[in-house]
Amino acid sequence: MATPTLNSRLQFFVTEYGIFWQFWPQFEQIHGERCLVGFEVELIGSHTSDLNHVDPACPTCRQVRSVLLEIADLMPRDASLSGNSLTYNIDSHSNSIVCLPALGNRSAVWVSIYVFLNRANGQSLETDPLNEVKTFLNRWGIHQR
Ligand SMILES: [Zn+2]
3 MATPTLNSRL QFFVTEYGIF WQFWPQFEQI HGERCLVGFE VELIGSHTSD LNHVDPACPT
63 CRQVRSVLLE IADLMPRDAS LSGNSLTYNI DSHSNSIVCL PALGNRSAVW VSIYVFLNRA
123 NGQSLETDPL NEVKTFLNRW GIHQR
């Protein structure tokens, strides 16, 4: 599978909406033990510095969300990631807006990508899909916060 080429329109929006990502490990109880089953990558973007901007119907917020979703959809198709037989669930949190202390309480929209490891393959984070996700996002100029 070919690596999707950098798309200048998406690249523009990454800068325009200050898109960045956060990472959360995902645990489950399996046979009474806490096991790492995957991780969540949150893609976050914001189009305004107006602290009072909380309008779930805002068309620009909707556009930010659709850009985040486009990037999320590209991830499983990336060459270095598609070979890993990972499972992806994408949650667009439609109609939700968050206020982020990290952004000075600016309102932002976000999309979650849940990446589940293939435990039947004995896959773990050490086989390092996380690094490949980082590489993928870095290539788009999307940095971790
Ligand atoms: Zn908005």
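The opening position of the sequence shown corresponds to residue 3 in my numbering, with each subsequent residue numbered one higher. Cβ coordinates follow ideal geometry from the N, Cα and C atoms, glycine included.
- Exclusion of the five residues before and after residue 110 leaves 46, 48, 100 and 102 as the residues of its chain whose Cβ lies within less than 6 Å of its Cβ.
- Judged by DSSP secondary structure, residue 60 falls outside any alpha helix (DSSP H); it is assigned neither H nor E.
- Not one heavy atom of ligand 1 is found less than 6 Å from the C-beta of residue 101.
- With a beta-carbon spacing of about 12 Å, residue 144 and residue 113 fall beyond the 8 Å limit used to define contacts.
- The three-state secondary structure of residue 147, taken from DSSP, is coil.
- When DSSP reads this structure, residue 90 sits in a beta bridge with 117.
- Counting C-beta atoms within 10 angstroms of its own C-beta, residue 131 has 16 or more neighbours from the protein chains shown and is therefore classed as buried.
- At a Cβ-Cβ threshold of 7 Å, residue 139 and residue 23 count as neighbours.
- Excluding residues up to 5 positions away in sequence, 28, 116, 117, 118 and 119 lie with their Cβ nearer than 7 Å to the Cβ of residue 40 in the same chain.
- With at least 16 other beta carbons inside 10 angstroms of its own, residue 134 counts as buried.
- Pairing residue 51 with residue 71 gives a Cβ-Cβ distance that is not under 7 Å.
- For residue 137, the Cβ stays outside the 6 Å cut-off from all heavy atoms of ligand 1.
- The beta carbons of residue 43 and residue 25 sit closer together than 7 Å.
- Just measuring C-alpha positions, the residue of 137, 96, 65 and 75 sitting nearest residue 18 is 65.
- DSSP places residue 99 outside both helix and strand once states are collapsed to three, so it counts as coil.
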